[in-house]
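Residue numbers (our numbering), protein chains in the order written: chain A, 1 to 541; chain B, 1 to 133. Just so it is clear, CB atoms sit at the ideal spot from N, CA and C, and this is done for glycine as well. Remember, predicted model here, so these are calculated numbers, not experimental data. All remarks here apply to the structure that follows.
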């Protein structure tokens with residue numbers, strides 16, 4: 001999100017999901033949309049039915065890539081050179097929107113300098129995409145009246161993730177394909193309230209509404225509202241907290257609510273060592289997850305059906321979940337647990353219900369200024385920014401003006417992946433999500449229908465590579481990186497390129513984050529999940 | 001049987017749905033015709049969103065580690081042990097030795113309370129969540 005925040009001023013989808021249907025060109029990058037965001041994929045299919053052109057950038061030939069008019073099947077981790085190549089073609093053809101750039105953006109000269117140094121033959125060599133296809137994609141995107149970009153973790157989960165995002169934003173600004181209906185840059189969020197937990201300040205550097213902890217005026221506002229002095233030191237990001245075992249900065253205690261870093265985080269060996277080294281670990285969850293098993297205290301948490309509260313979807317829509325049943329057994333919702341803990345630690349938190357909490361959020365968070373439960377009851381929500389009680393919400397961002405004032409061009413050059421393949425580890429492993437499962441599988445592996453459809457950790461491998469290694473369908477193989485190994489069943493498919501492998505991260509039987517790298521983007525701290533070097537060994541039975 | 005308006009707990013599409021409730025149990029789900037994203041449709045995860053809610057593996061009481069084993073205990077014991085441990089470590093080692101992981105599966109209100117607790121009670125900005133995973 002840091003990429004869009006510095007470029008446009010807001011780290012969220014610029015447009016609504018329903019608007020995608022009316023775009024004329026849709027550029028999907030690093031998103032297995034059909035699988036991970038089925039309802040967004042549906043809008044893309046509808047748009048294509050209406051005559052829209054679809055460009056997909058993905059190292060894999062996913063279902064949506066197969067539907068694309070142009071599939072740019074790049075080498076994993078080469079988005080920046082590809083985008084620079086596309087933008088160079090646009091400038092060479094004089095298809096940039098000079099009027100939009102002059103009125104709405106700044107620092108174009110820096111991008112132009114970068115683009116003038118781009119050599120398209122080099123781009124084709126690094127990305128392994130045909131030059132003519134790059135030119136076609138550039139013309140298609142630049143000349144449509146409404147082009148929109150949808151991207152996902154295939155763009156962000158690289159050591160250069162922030163620069164990747166900025167490159168897509170640069171493309172949109174260069175061509176004026178942003179800040180209008182059905183026209184913009186749209187990060188698709190993977191979890192039901194990931195947007196909301198960012199909006200609420202579940203981040204080490206900001207209070208709710210992206211108000212910086214280092215800003216004195218903001219600090220004073222929250223100190224007054226909460227009645228205590230607050231720290232203006234930026235906190236530790238996730239990976240620093242879960243990978244502290246070998247550093248002097250290791251934490252002494254952690255409270256983990258509804259997360260399972262023992263499967264979801266890269267470098268699981270470090271995560272386990274860190275969590276075991278803590279003086280005290282407390283976990284709140286629905287099930288005894290791999291993480292909860294290491295805890296000193298475990299709180300049984302209520303599920304979404306057992307509580308009332310709001311969640312914010314990918315298109316910034318704040319929506320109310322209504323309590324359907326009483327909590328199971330002695331479960332409590334996370335809000336009650338926090339209030340009770342707080343009280344016992346000498347700080348009174350006494351909210352009669354979640355509506356009262358939302359009133360406090362509205363009072364302190366300009367983006368949510370008009371979000372009150374009484375406005376959300378019986379409706380399907382309001383999209384932020386929603387500044388006050390009478391504000392109707394915002395279906396697309398940056399109308400007439402970017403949130404930060406002028407859109408800021410941040411040019412980038414290719415950054416080599418953290419781990420190159422070599423003779424010992426000749427394959428590139430890409431990790432991702434499957435249709436039937438969600439995150440660490442804690443919940444979906446316990447849904448009988450979903451588990452019936454998909455209960456085996458598969459490894460996708462290209463037919464040529466499978467032949468070379470003498471592998472047949474469903475053979476067991478061990479995949480090893482420099483960090484660990486996992487066992488998978490082989491699925492032979494040309495959806496991956498020669499030399500590439502793909503697996504899901506949902507399965508505790510094959511905890512793929514034993515293999516992945518802990519290297520991460522230095523700005524957004526996204527780990528490089530989309531590329532690590534591995535070897536494949538046939539398991540001899 | 002009656003319907004309760006809710007939001008799917010899985011991906012960021014945030015489909016509006018109705019939970020079908022019968023005798024205190026969630027027994028099914030159905031799509032909202034009018035929801036701007038769902039438009040009368042759910043994916044396979046949304047249609048089966050009820051299946052985990054009453055799963056026998058659900059944790060139903062607090063657990064506390066004694067002699068290396070996690071054993072059932074009362075809420076009072078679990079909360080008291082947690083509050084004491086956090087206060088002790090904060091006093092002995094400082095606020096910045098404490099860290100919190102919030103969750104993309106919690107509501108906005110819960111995430112707000114959790115970051116308020118982290119900042120105002122624990123006294124640190126060490127809070128993050130799995131936004132990037």
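Do you know how far the Cα of residue 512/A is from the Cα of residue 505/A?
6 Å
Give the secondary structure of residue 316/A by DSSP, where H, G and I count as helix, E and B as strand, and everything else as coil.
coil
Mapping DSSP to helix, strand and coil, what is residue 211/A?
strand
For residue 180/A, collect the residues of the same chain with a Cβ closer than 8 Å to its Cβ; drop the 5 residues on either side in sequence, then sort them by chain order.
146, 396, 399
Determine the extent of the beta strand (DSSP E) in which residue 147/A is found, giving its start and end residues.
147 to 151
Proximity of residue 115/A and residue 150/A at Cβ, strictly below 8 Å:
no
For a cutoff of 8 Å on Cβ pairs, would you count residue 388/A as touching chain B?
no
Extent of the continuous beta strand (DSSP E) run through residue 299/A
297 to 300
Measure from the alpha carbon of residue 384/A to the alpha carbon of each residue in 7/A, 8/A, 2/A, 16/A, then state which is nearest.
16/A
Hey, how far is the Cα of residue 353/A from the Cα of residue 61/A?
48 Å
For the stretch 262 to 273 of chain A and the stretch 303 to 320 of chain A, state whether three or more C-beta atom pairs, one from each stretch, are separated by less than 8 Å.
no
Just the Cα atoms here: how many angstroms apart are residue 67/B and residue 76/B?
20 Å
Rounded to whole angstroms, how far is the Cβ of residue 175/A from the Cβ of residue 95/A, which I believe are closer than 8 Å?
7 Å
At least one CB of chain A closer than 8 Å to the CB of residue 27/B: is that the case?
no
Please name the residue in 457/A, 427/A, 244/A, 364/A whose C-alpha comes closest to that of residue 99/B.
244/A
Starting from residue 98/A, follow the alpha helix (DSSP H) in both directions and report where the run begins and ends.
98 to 104
Does the beta carbon of residue 384/A come closer than 8 Å to any beta carbon on chain B?
no
Interface residues of chain A around residue 24/B at Cβ under 8 Å?
325, 326
Any beta-carbon of chain B closer than 8 Å to the one on residue 319/A?
yes
Can you list, in chain order, the residues of its chain whose CB lies under 6 Å from that of residue 118/B, leaving out five sequence neighbours each side?
100, 127
Using the C-alpha atoms, what's the distance from residue 486/A back to residue 534/A?
11 Å
Distance check for residue 97/A and residue 281/A, CA to CA, integer angstroms please.
54 Å
Using beta carbons (cut-off 8 Å, strictly below), is residue 33/B in contact with chain A?
no
Would residue 498/A and residue 425/A qualify as a contact pair, given that the criterion is a beta-carbon distance under 8 Å?
no
Can at least three beta-carbon pairs, one atom from the stretch 152 to 161 of chain A and one from the stretch 72 to 90 of chain A, be found at a separation below 8 Å?
yes
Only counting runs of 3 or more residues, tell me where the beta strand (DSSP E) segments fall wholly within the stretch 435 to 479 of chain A, in order along the chain.
458 to 461
Assigned secondary structure, residue 66/B (DSSP; H/G/I helix, E/B strand, else coil):
strand
Please report the straight-line C-alpha distance between residue 428/A and residue 44/B, rounded to a whole angstrom.
30 Å
Taking the Cβ atom as the reference point for each residue, do residue 71/B and residue 38/B lie within a distance shorter than 8 Å?
no
Tell me which residues share the same chain as residue 104/B and place their Cβ nearer than 8 Å to its Cβ, disregarding the 5 neighbours each side in the sequence.
129, 130, 131
Would you please verify whether the beta carbon of residue 226/A is less than 8 Å from any beta carbon of chain B?
yes
Inter-residue Cα distance where the pair is residue 437/A and residue 56/B:
19 Å
I'd like to know whether the C-beta atoms of residue 531/A and residue 430/A end up nearer to each other than 8 Å.
yes
Residues bridged to residue 502/A by DSSP?
430/A, 460/A
Listed by chain order, chain B residues near residue 47/A by CB distance under 7 Å:
Correct list: empty, because the minimum Cβ distance to chain B is about 14 Å.
With a threshold of 8 Å between beta carbons, is residue 69/B in contact with chain A?
no
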